[in-house]
Each structure stands twice: as C-alpha cells, then as structure tokens.
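Trainee: Pasting in a structure now, in structure tokens, and then I'll have a few things to ask.
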Amino acid sequence: MQVSYVIRDEVEKYNRNGVNALQLDPALNRLFTAGRDSIIRIWSVNQHKQDPYIASMEHHTDWVNDIVLCCNGKTLISASSDTTVKVWNAHKGFCMSTLRTHKDYVKALAYAKDKELVASAGLDRQIFLWDVNTLTALTASNNTVTTSSLSGNKDSIYSLAMNQMGTVIVSGSTEKVLRVWDPRTCAKLMKLKGHTDNVKSLLLNRDGTQCLSGSSDGTIRLWSLGQQRCIATYRVHDEGVWALQVNEAFTHVYSGGRDRKIYCTDLRSPDIRVLICEEKAPVLKMELDRSADPHSAIWVSTTKSTVNKWSLKGILNFRASGDYDNDCSAPLTPLCTQTEQVIKGGASIIQCHILNDKRHILTKDTNNNVADCFAAWVSAKDAGFTSPDGSDPKLNLGGLLLQALLEYWPRTHINPSDDETELNHGMNGEHESRIQKGNGYFQVPPHTPVIFGEAGGRTLFRLLCRDSGGETESMLLNETVPQWVIDITVDKNMPKFNKIPFYLQPHSSSGAKTLKKDRLSASDMLQVRKVMEHVYEKIINLDSESQTGAASAEKPSEQKEEEDMAVLAEEKIELLCQDQVLDPNMDLRTVKHFIWKSGGDLTLHYRQKST
Amino acid sequence: MPGLLNEGGVVAAVVGSPVKKSKLSLKFFQKKDTKRALDFSEAPAEDNDTAEPEETTNHDQVVPMPCPSSPLTCEKHESLVPFVGLNNLGNTCYLNSILQVLYYCPGFKEAIKSLCLLAKLKDKQQEDGAKNEGDTGEDTLPVSMELLGSFHSIISSVEQLQSSFLLNPEKYSDGELATPPRKLLNTLRQLNPMYEGYLQHDAQEVLQCILANIQEACDNIKKEQTDNQKDSTLSNGMGESNHEDDGSSNGQLSGKRKSDTEAGNAKKRAKSQSKSKKNEENVPMTRSKRKSSSGITTESSDQRNGTEEKEQEKDRGSTIEEEKNDSPPKEEGKRTRRGKLGWLKPSGKQPSIFSKFRSMGRITSHVGGRGETKEKSDCSVQEKQEKDTSENESRTQEVKQSLEKNKEQSGLDVLKWMFQGQLVLRTRCLECECFTERREDFQDISVPSTLSDDVSPDPKPELKTLKWAISQFASVERIMGEDKYFCETCHHYTEAERSLLFDKTPEVITIHLKCFAANGSEMDPYAGLSKVNTPLQTPLKLSLHEWCAQPDSPDRSHHYELFAVVMHSGVTISSGHYTTCIRMMDLHRTTLRLQSQDEDQDRDREDDTKQKKEEVPQTEYDDGEVSFSLPGRGQNVARVSTTISMSSKSVSKRSSEGVGLLGGQRSITSYELSNSNQTNPEKVSGSASRAAGSLLQNTVKKETEEEGVDAMDDGTQVSFDVALRNLLDFEGKWMLFDDSEVRLFEEEDFLRACSPETCSTSTPYLLFYKRVSQ
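Protein chains in written order, with the numbering used here: chain A, 1069 to 1679; chain B, 12 to 785.
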C-alpha cells in the first residue's frame, strides 16, 4: 500500500502529455481530450473564443486511453491504464462511477449508439459489455452492475469496434487476428487472419458487414464479415497505422500513424489517396468533424500535448479537379500545411531524479525546464521551520506531509491526549479552535490530489486534499487508509528512528592500537559531526589526558567546552569510511548507503588531522 | 561432490604406487566391459611407452609408430579406413569426439597451423626479450598458447599417420590407425584441473573450453603483433639482427636448460610448490588444495617421463637426446605457473543477457577467457562501425576477409569467423513501436530436446524437429502483465515484445541438444542429470532463414548442411560414451605429407647443424617452405610441394610468389625442376586438375629421396595418386569415430541412428552444421 500525491497547480489548463483519445460533441461544440496526463479536458471548439479551455475531468490516476460520448453527449465513458473504466457526467464534468472489473490497462472502448451499449477491452484480454443506462443509474448505495464478458482472446487487446446497431463487435490484439463476436449472444462469430502485427485501430460500418483495420504492420485492411475474409489491403503508410476514421458511406478512410502522416484513401480505388497533412509526432487519434457533409475538418492528437484541427476543404477541390496524384513514387505534397485551429498543450515532466537527500526531486520537462520538489525526511532546522521552543527536534517530513495531506480528514482531528468527552466535543465542532490540525508546521495546497494505491501501482482511492472532510470521502478513507498512515495521522505516532550499529576504529595510519571492538549504536539520522564529537571527547581526549597530564590543567569551563567541542573535534580529527573522508554534515544512514555500501556493520575510522 | 572425492583418490594413487593405480583403472574398465582401446600411458608408470617421445617434445612431431594396439584390443579390423582414430586415454572419449569434429571442421586445421606458425615466431621473440631482461621468459608462455601447440601437434600426428597409412597400407594391416591425444589432454588439464583424473566429462564443455582458449591465444598473438609493430617502427633492420639473436640465444638457452635438468629440478620443484602454497592463501581452501596437489602430480610424472625418455633415447641420435632433455624441465616451469592461471580464469559462463533463457535451456553464450570482455566490447564496437558504413562495404570486407586467409590479421579472427555468430535481442514497445537492440556473440545454440510441460499447448508434440527446437530458442517473448517494460519514449510502463534473432551466422553452427535433465528425486549433481532419450529429428540440411535479422545473400546464406554429429550413448551425463559421426568433405584438399617434413621445418629453426646435414633434400623441395616461414608467416596453406589444390587461387598465387622470390636465389635446382617437369607451384597455378597426377608422382619421388635420410622403406611405397584415390573414395561418406576405431557409416545407418524412432541409447548430442554457399 502506498500513498502518493501530486504537486501541481490548482487548475491545469493544458494537456501535459500526449492525447490518446478525442470525442466531439457537435451539439455543444465541445471537444473532449483524453490525456496521458490522466486528465480528460473539455474544450470549446468555437473558433472565436480566446481561451478554449472549459473544464477538467480528473479522477484517473494514469493514462486515459479511450473515451466515448454516449446518450447524446450527456455521458462520457473513459478507459484508463489505472485499470478502471469511469462514467462521467459530460456536461458537468464529474465522475459518476468507477468500474473495476479489468485487471490490466483498459485500452479500448466501443460504443453502439442504437443500443446505448459500451464495450471495454484491455491488456487483460477481457472484453466487458456495459449498458450505459444502467451505468448512469448507479448510486453509492446501488452500486452493483452486471456485465457480460466476451472471452477467447489469447493476447492483449489494443483495439475494439462495435457497429452502431450493436450486432457485431470486433477486437484487435497482438495475436494479429481479428476476433468477431455477437454482443447480443456473446457468441464467437469468426477469426480473421491476415495482419502480421498488432492491430491498433478498428472501424465497423453501420450494419456490421464491413470492417476496417489498421495495424502496426503498416497496412489498412478492409474485411467482409459476410465472406469472412480480407477484401482489400491498403499500403499507404510507411509505418504502423494507429488511427482510422471513415465517412458514413464507408467509402473514404482517413488514416494516421507512426509515420506522422494523415492520408485520405478511397476504399474503392486505393490508388487515389491524398496526403492531408504531416504532424510533428506519431498520430494517436483522429476525430472527424461531422457537422458538415462532406466533412470539413479533422481533429488530430499525437504523442505531443498539442491537438490540431486540419481543414479538409481542400480535398473537395482536389476531388473536383480530378487531378489525383496517382504517381506513388513521387513524394506527395500535403494538402494542408497550416492548421485550422490549435489547442495548445503544456510541457510534461519527462525525467525525474530523487536527490540523495531524499528531500528534493529534480525534474525535467519537455521544454527542458528543470525544477525541484520537496519530500521526505528532514531535520527541522534544515527545512527552515522554526520550532516554538527553539530546539532542533528531528522531524519526519514524510510523517508531517502525511498529516498535512490528511489534515481535513475528521479522524485526524482527534488530539490523542483528549479523553472521550473532549473527543465528542471536538466532533461537534465546539472546540475546533483548540484542535491542532495537520502537523503544525506547514500545509499543502488543498487542491493537491492524494492517491492511495497498491504497491504495484493499482489505484484504490484518489481524492483531493481538501475533500477529505466530506462525508463520503471520509467514509471511504476509513476503508482504504492503511494502518501505518493511521498511526501517523490519527495516533500521531511518528515512526521510530532507526538505530544502526557501527564500529569505531582508529585509522591504520594513526598507528594506534586497534581498540577492543565495541559495537556502538545510534540513530541513523545521527550526523557524522556528532560521532566526531564523541570520538574527540571519549577517545582522543582520554588518550591525551592519560598521556599528558598537562592537557587537563587548561580544561575550560564545562559549558564552554560543550560548545566548543564540535568545533574542536572538527578541527582536530576526521572520520573515514572505506578510506573516504566524511563530511561532518552527513548522517550515518547516508554513510552506510553511499559510502559503506556493503553488508555487515558499518565501520568508521578516525584519525587526527595532520596539520 | 563426487568429483572431488574421486580426484583425491586418483592423486593419492599416483603419488603412492602408480602401477597399482593403473591396474586398478584397468580393472575398472574391464568391469565396465568397454570395447575401447585403453592406453594408460598417462599414468606415471608407463605400460606403453612407444608413443612417449612424441608426446613430450615441444614442437617436434615424430610420426608415432603404427600405434600398437593395447592388449585389450583384440578386435580384428578387417579393413582399415584411411582415417585416424584417437586412443582413449581413460574415459577421454568426450575429448576424442570433439577433437575429431574440429579436425574435420572445414578450415579449422589450416587455421590452427597458421596460428601456430604465428605463435612460434612469437615465442621466439618473446624468449629473446626474456633473455635480455632476465630469466622470467620461461614462465610467460600462456597456457592457451600451449593448447594451440598441442592442438597443432595432434593435427600433425593425425595427418602424418594418415599419409603414412595411405602410402604404406601394409604396415598397418593389423592393429589400428590411431594416435593418443596425450599432449592435448595434458594441456587441457592445466587449463582446467576438472579434467584431471579419468572421469567422464561433457563434450560440449570441452569444446567450449578448447575454442575459448584458442581464441585467447589468437588475442595474445594479436596483442603481441601490435606490440611488435610498435617495436619495429622504432628500430630499423630488425629482421636481420633478430635472426642472429635467435641463434645466439638458442645456444644460451639450451646450455642453461641443461644445467636445469641436472641440478635445478629439485630446486624448481620446491619453488613451484612454495608458489602454489602461496597461492593457497588467496584462493578458496578446497580448490587451492586440489590445485596444488594436482600440480605436483603432473610435475612429478612429467619428470619421470623425462628421465625415462632420457634413458630410452640414449640409443637414438645424440642431437635428439639433447633436445628431449631440454624440453621437460622447461615445461615443468610453465606448468606450475599455468595451473595458477587456470584458476584465475573464470571457468564458467559469464552472466549475459541471455542468462534468463538458460533456465529454459536456450543458449550458452561465448565462454570467455581473461581477454573475453575486452574482446567482446571490441566486437560490438566493430559491429557498430559496420552498421555505420554502408552495408555493401562491410559485406565486401567480410568477403575479403574470408579470401585473404593468408593475411595475418584474418588468420587471427578466423576462429570467430568460423564459430562465432551474433544474436540480436530486440525489445519493441508495443505502444510507440520503438525498439532497442542488444547484440551478443554466441558459439553454440543449446536447444531443448524435449517439451517442457508448459511450453506448447498445441496438440502436436509428436515428431519434434530441430526446427521446432530452434524456434523454442528463438521465439518471441512478451513483456506484459505485472512486469511491464518501461519505455523511454513513452515514459510509461508498456507491453513490449522481445525477440531473439540471428544477426550474424557463423560458418559452422554448433547445436547442443540439451538431453540431460535434472532429475528432481536425486540430489547427486552428476547422477541426477539423467538423459532424456527423446531425440529430435536431425535434418541433414538446415535453414536459419526465418530467424535471421538480415536477409539471405549469396555470400552469406543461411543454409547449412550437417557435417558432424557427436553422439552420446548412456544414461547420465557422468557416464556413457561419446562417439562422432563425420561426413568426409573436401578430401581432395587432404595434405599427404611425410614425417620428415614437419621435423625439418622445426629443425630449420632450432637446430642449425641438423639442417646442414639435410641440406640437399631441404633446398630441393623446400622452396616454398623456407620462403614462407620467414617473411610471410601464416602462409601455411601454401604447402606447395604436397598440397593438392584443385582450384585454390590463393594457394597458386602464393606459390608462384614463392618461386619468384626464392627460385632464382636459393634453390635453382628446384626452379629448373619445376620448369622442366612442369611441376610444383606453376603447375598448380596453371592447370592443376589435368596433371595433378604427374605432380604427385613428382613430389613423391622427391620426398622419397628425402625419406632415404630417415630410413623409410622404399619398397612399401604406393604412389600418391593411388593413395589419394583411395582416400577420395570416402568423399561424402559418413565415418564413425569411436575413439581409436574408425569405420564407415552408411548414410542410411547414420540417419537411422539419429532418428527418434530408433530405440537406441545412442542419441545425437552435438550437431555441427556448416554453411552452404549457394
């Protein structure tokens, strides 16, 4: 069980990574983008608006791989690599329910408009069928849903398609074959062989008699389900075909893929193909603007965060002129060189490095900006906090952070020293002012998402920091928060300092006799400086005292000695580990992990400085 | 460990009473009722001394007398085939089978010869250097070079024995045609003391050990050469002075050694013992103990050998005796040292990317010597460079390389070229479809010979083919589920596909059929490996096309044909018997040579007086010989006088060069001879096939003259072409080599033996395929 949180702005207005899926709501002129930054965003595609951003739908914790808009744009269903399928109110942008039936990334969704039926499929080789009306009716109390599953796939499913009537469903997988079912009976209909690589994109015509498939082998194939065979193969791309769109009449296919190019190919005469545009990155998804017929534009998303709209108007002139570029050997010139509209994306963090002090994280984004973040253990002084009593208590920043993250959770508002009655008062809110919230040092921004997940990465629960006070949320927290978090946040028991054993020995160069091996033990947070003080005080001084009695004569006052001890120690001696001189600021844990490195007890050597 | 126990026993026996020991073993073998000819001359007390002189000489090859069959071989051979067997030196069939394969492996023999030539030159230089510096020189010869030398001597023995048989079949009318690979076995034992004693070993391991060490020798030579190049740029006219140095230092050397034999032996032994004791502190206890004790045994036995020889050879020429006396102590010094080196060397397989496949029995990667890692990285760098340059260019380079075998450098890489291929491990992200590649060299392919329970659910487990086995090895694997692949392009955990393909295929593909399966019930590490007797169908032809990263091309086809099979009969890895089936190919290239030739070659360098004595025959036929051994090392292929080459351009070219260089200067007679008789190099370069016979006769005559010196019987001569014709009858036939016994194996019999249908305990263990050019 692990707890993680996201350091971010309250509103993330730009896609931060590639966009895996697109859906247009023609009625409201809205575009939904499903991002690899785990956020589904709603955009206004109204040209005149200055800022197209409308809202974010945040609840996934990993890539959103596919989305479908159902119920005439009222409901959105999303599939994510966090293994869940979520049902959203598309108009208001909140998550209505989460389906956790898949056991691996959910890669593809398919939608049959006539029946309001949605199918989801993923790397767990499973296909589940969902009745959208049932899904939207789910509430917190009535949260069971029956689903039928289609089994038989031998490999991970990467693409899925269902015809509008909901009579045929096709899946594409790394098995390289298309498998066809009847979603009404869940009966296997056929297996279509022909592709030589993964099938990444599928389309079915309205009545489910024809199927188009785009594969990593670089081909597009047209299949006749009636004849159960491939009736045409189109080789228009140099590399894998990842996205397909087709007109209603099933005569022209738009295709995009790894080679970044988007072509329009006439299915009846494959020689007639038009290069529409060339993107800057591999094409992940396309969405035809079907508001006009013939289609006037196509939205394209890539592995970059920007989403472009390309005009298809030129294609009309192209067709009208009859001047097809039939010579496939010559490189085609793209129809469009300018995008019609752009939804700008932001930079994404592409590299991160946790610094050795475990408190800072260096990150690098796609714009090559480097930033650092903050985490884990720290001593209060180092962190810049002033503690009320002026002392330098050792703080567990991780613990503090946990407390801060859950500071709105009512359960954490209990002061452990309070007795039962006070607790009740506290719950009534009367004594709220007296209750110490959080950790007393710092707060995290309330919009910070907190994610509880299994160690493997599967998300159990995600909430915003500020929402933990809510009724449902706190109830769910009670269910999911692991005991070790409760220890810290509710019972205020910080984890104990780890003690590590170590040996102190004179360095071989000093010529001193090896002392009796005393096994020492100290907190692993102990700074090397303190060990040096110890050495100076207990060993060197003793030695010198016994040898030269004069040294004791000029013994200064006790208090002064204590203050000076550290300074003196640092002046006179140095500590070595594996023959490496240690920085007095280093703590023992660091020494053990980065210098000692080997197993067994840490051994430190000391020697007097040779000045 | 049973191995250790046994070892201890052997050592004790040797130290205590050797005679008893060998008797014991004999009994042991009798009990086992093997038909193998046993030759226990390895034991200190020699039962059978006839072949001994040959064994201990350093460079010289003396044709062993027709190896008298040991008392146990009572089988009568009705007709001997003109192929030489190898005597069993006490469960050494694992070694014999591998040696036979290597001997008949196309190009291998030649490669060893040319390497040896390079190495011997090198040794001399090294000794010179050592003389100048001090006397550490004797100890510096690495054991891998020693292996090269031993291998060369076994090749020479076999060749001479074969020639001798072909020319005088009557001499061998009874008994058998075999030579003991004793020197090689000794070297092997220094390399890895595991081979001490008389236990059965894994043939595949021995093969890897031999190849890795010869490769190491190549690297040594290469290193030496680059050093020398630096030297030669520093000093001009080095060649001349160098040669002079040779003479003088030789004198010094022998003088010093002589004193060693007389007085220094005991001292030396003590020294080496203390050395090994010192060593004990550094290496793990048990091992070092074993090592030191075994070191001593070899040494003492050697010494005894030396003294025995001394006595025996008093009858012979005094010059020879001197030589013999020189060599044993020299070797001793090396031995102790070498034992150590053997330990320092990583004996096993190094971790590689394919280690994960090993559990499935998929691959054994190149077994490395000390220079291994370096060599590998070199190789990969080279690989990258090749990739950078256009493919055509690299191709032509490769072709050139194969053609220019005479060039020194390629001679050093020939082993890699022959046995080492390259695999490419390609990992492709299924999300972005980017892939990363890793390359690794391989020397053999280990394939499973049985279905493991979980592998293939397909209901066709019958008739497992080699193709199936290789596809098991080279299959595509998916990285998915819980352990996804972190794609650097996607910055995400994704599914990925990992495929293993052949990037470069070697000339000879070695396939190791994993037929030993660990038996869960028994914990004994040796006995527990019981054999799975479900052999695969062994095809005579093999195409690796479908697993190759690069397409088939005319000069590097992916088509192979079977030329040798090592068979194993028996039930466990520690018992049973190895035999080898080899298909005879390119017999027309066989070098028929007579005993004096090689000797002369060595004497040329080592003994000036002797050379003078034989001056007349020497200059007469040795026009090619002398000329190449000095300026153009490594041109062993151009054994002009006796190699019958039908179409080898390089040979003819070289030979004419040789004539051009020396014909006028040194051997006018031979030059005239070649002109008048239309013989020798020009003959070869001209119309070889037409008048090959006359050439042969010519050479035979010439050598007959020469043989007179060595008192060979003229009466038993058979003309060369008849001999050759006899030999060529076997072209394309399968021969079964069962230690000292060699017999014809009809192809159908052979196929039946390899077939899974036959219920036999004898199953194919190692398959050797050679590339077929299309």
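We put the CB at the ideal spot given by N, CA and C, even for glycine.
Cβ of PRO1094 (chain A) within 8 angstroms of Cβ of LEU1185 (chain A)?
Mentor: Cβ distance not < 8 angstroms, so PRO1094 (chain A) and LEU1185 (chain A) don't count as in contact.
Trainee: Once DSSP output is grouped into helix, strand and coil, what is the label at TYR1173 (chain A)?
Mentor: The answer is coil: DSSP assigns TYR1173 (chain A) none of H, G, I, E or B.
Trainee: Please name the residue in B:GLU235, B:GLN548, B:CYS443 whose C-alpha comes closest to that of GLU499 (chain B).
Mentor: Per the Cα distances, B:CYS443.
Trainee: Measuring alpha carbon to alpha carbon, tell me which residue in A:GLY1667, A:GLU1408, A:HIS1363, A:ILE1108 is nearest HIS1116 (chain A).
Mentor: The option with the nearest alpha carbon to HIS1116 (chain A) is A:GLU1408.
Trainee: Take GLU488 (chain B) and list the residues in its own chain whose beta-carbon comes closer than 6 angstroms to its own, dropping the five residues that flank it on each side.
Mentor: Once the five neighbours on either side are set aside, the close Cβ partners of GLU488 (chain B) are ARG509.
Trainee: Rounded to a whole number of angstroms, what is the C-alpha to C-alpha distance between LEU778 (chain B) and ILE165 (chain B)?
Mentor: In a straight line, the C-alpha of LEU778 (chain B) is about 23 angstroms away from that of ILE165 (chain B).
Trainee: So, with DSSP's three-state summary, where would you put ASP749 (chain B)?
Mentor: Strand at ASP749 (chain B).
Trainee: If I measure Cβ to Cβ from GLY1114 (chain A) and keep anything under 6 angstroms in the same chain, skipping five residues before and after, which residues do I get?
Mentor: It is Asn, not Gly, that sits at residue 1114 (chain A) in the sequence shown. Closer than 6 angstroms at the Cβ level, and outside the excluded window around ASN1114 (chain A), lie ASN1097.
Trainee: Could you give the distance in angstroms between the alpha-carbon of ILE1145 (chain A) and the alpha-carbon of PHE1100 (chain A)?
Mentor: Cα-Cα distance, rounded: 11 angstroms.
Trainee: If you draw a straight line from the C-alpha of LYS478 (chain B) to the C-alpha of MET491 (chain B), how long is it?
Mentor: Their backbone Cα atoms lie some 27 angstroms apart in a straight line.
Trainee: Just the C-alpha distance for LEU106 (chain B) and CYS445 (chain B), rounded to the nearest angstrom, thanks.
Mentor: Looking at the two C-alpha atoms, the distance is approximately 46 angstroms.
Trainee: Which of helix, strand or coil does DSSP assign to THR505 (chain B)?
Mentor: Residue state, collapsed to three classes: strand.
Trainee: Residues of chain B with CB closer than 8 angstroms to the CB of THR1242 (chain A), please, in chain order.
Mentor: Neighbours of THR1242 (chain A) on chain B, chain order: LEU441, ARG489, GLU506, GLU508.
Trainee: Buried or exposed for THR1264 (chain A), please, with buried defined as at least 16 other CB atoms from any protein chain shown within 10 angstroms of its CB.
Mentor: With fewer than 16 Cβ atoms within 10 Å of its Cβ, THR1264 (chain A) is classed as exposed.
Trainee: Less than 6 angstroms between C-beta atoms, sequence neighbours within five positions excluded: which residues of the same chain meet that for THR620 (chain B)?
Mentor: Residue placement at THR620 (chain B) is poorly supported in this model, since its pLDDT is 39, which falls under 50; the coordinates are not used for a value here.
Trainee: Find the nearest neighbour of VAL1213 (chain A) within the set A:LEU1544, A:LEU1246, A:VAL1153, judged by alpha-carbon distance.
Mentor: Considering only alpha carbons, the answer is A:VAL1153.
Trainee: Using DSSP with H/G/I as helix, E/B as strand and the rest coil, what is PRO1569 (chain A)?
Mentor: Looking at PRO1569 (chain A) - three-state DSSP - the assignment turns out to be strand.
Trainee: What's the call for TRP1552 (chain A), buried or exposed, on a 16-neighbour Cβ count within 10 Å?
Mentor: When all chains shown are included, TRP1552 (chain A) counts as exposed.
Trainee: Residues of chain A with CB closer than 9 angstroms to the CB of HIS556 (chain B), please, in chain order.
Mentor: In chain order: nothing, as chain A lies at least about 16 angstroms away.
Trainee: Measuring only between beta-carbons, confirm whether GLU444 (chain B) sits less than 8 angstroms from chain A.
Mentor: Cβ-Cβ to chain A under 8 angstroms: yes for GLU444 (chain B).
Trainee: Is the beta carbon of TYR1331 (chain A) sitting closer than 8 angstroms to the one on SER1337 (chain A)?
Mentor: No, Cβ-Cβ distance for TYR1331 (chain A) and SER1337 (chain A) is not below 8 angstroms.
Trainee: At what residues does the beta strand (DSSP E) containing ARG594 (chain B) begin and finish?
Mentor: Note, ARG594 (chain B): beta strand (DSSP E), 588-594.
Trainee: Among the candidates B:MET596, B:ALA228, B:TYR183, B:ASN197, whose CA atom is the shortest distance from the CA of VAL783 (chain B)?
Mentor: Measuring from the Cα of VAL783 (chain B), the nearest candidate turns out to be B:MET596.
Trainee: Let me know the secondary structure DSSP gives PRO204 (chain B) once reduced to three states.
Mentor: PRO204 (chain B) falls in the helix class under three-state DSSP.
Trainee: My assumption, with CB atoms under 8 angstroms, is that LEU1206 (chain A) sits in contact with MET1164 (chain A). Please give the rounded CB distance.
Mentor: So it is a contact: roughly 7 angstroms between Cβ atoms.
Trainee: Please confirm if GLU1080 (chain A) has its CB atom under 8 angstroms from at least one CB of chain B.
Mentor: Not an interface residue.
Trainee: Quick check: the Cα distance between MET1258 (chain A) and GLY1282 (chain A), rounded to an integer number of angstroms?
Mentor: Approximately 18 angstroms, taken between the alpha carbons.
Trainee: Measure the Cβ-Cβ separation of THR798 (chain B) and CYS440 (chain B) and say whether it is below 8 angstroms.
Mentor: Summary: the structure shown does not reach residue 798 (chain B), with chain B confined to residues 12 through 785, and so no result is reported for it.
Trainee: Figure out for me which residue from A:ASN1266, A:VAL1079, A:GLU1355, A:ALA1187 has the closest Cα to the Cα of ALA1123 (chain A).
Mentor: Nearest option by C-alpha distance: A:VAL1079.
Trainee: Which of helix, strand or coil does DSSP assign to PHE741 (chain B)?
Mentor: Here PHE741 (chain B) sits in coil by DSSP.
Trainee: Residues in the region 1203-1224 of chain A with C-beta within 9 angstroms of chain B's C-beta atoms, listed in sequence order?
Mentor: Answer in chain order: ASP1223, SER1224.
Trainee: In chain order, what residues of the same chain lie with their CB nearer than 6 angstroms to the CB of HIS1128 (chain A), ignoring the 5 residues before and after it?
Mentor: Here the set comprises SER1106, SER1148, ASP1150.
Trainee: For chain A, is any of its Cβ atoms less than 8 angstroms away from the one on ASP465 (chain B)?
Mentor: A caution first: ASP465 (chain B) carries a pLDDT of 38, below 50, which makes its placement in the model unreliable, though a value can still be read off. Judged by the 8 angstroms Cβ criterion, ASP465 (chain B) is not in contact with chain A.
Trainee: Distance, Cα to Cα, TYR1082 (chain A) vs THR1374 (chain A)?
Mentor: If you take the alpha carbons of TYR1082 (chain A) and THR1374 (chain A), they lie about 9 angstroms apart.
Trainee: Of all Cβ atoms in chain B, is any one closer than 8 angstroms to the Cβ of LEU1191 (chain A)?
Mentor: Chain B, which has a Cβ nearer than 8 angstroms to the Cβ of LEU1191 (chain A), makes this yes.
Trainee: With a cut-off of 8 angstroms on the beta carbons, I'd call ALA228 (chain B) and SER155 (chain B) a contact; round off their distance for me.
Mentor: Confirmed, Cβ separation roughly 4 angstroms.
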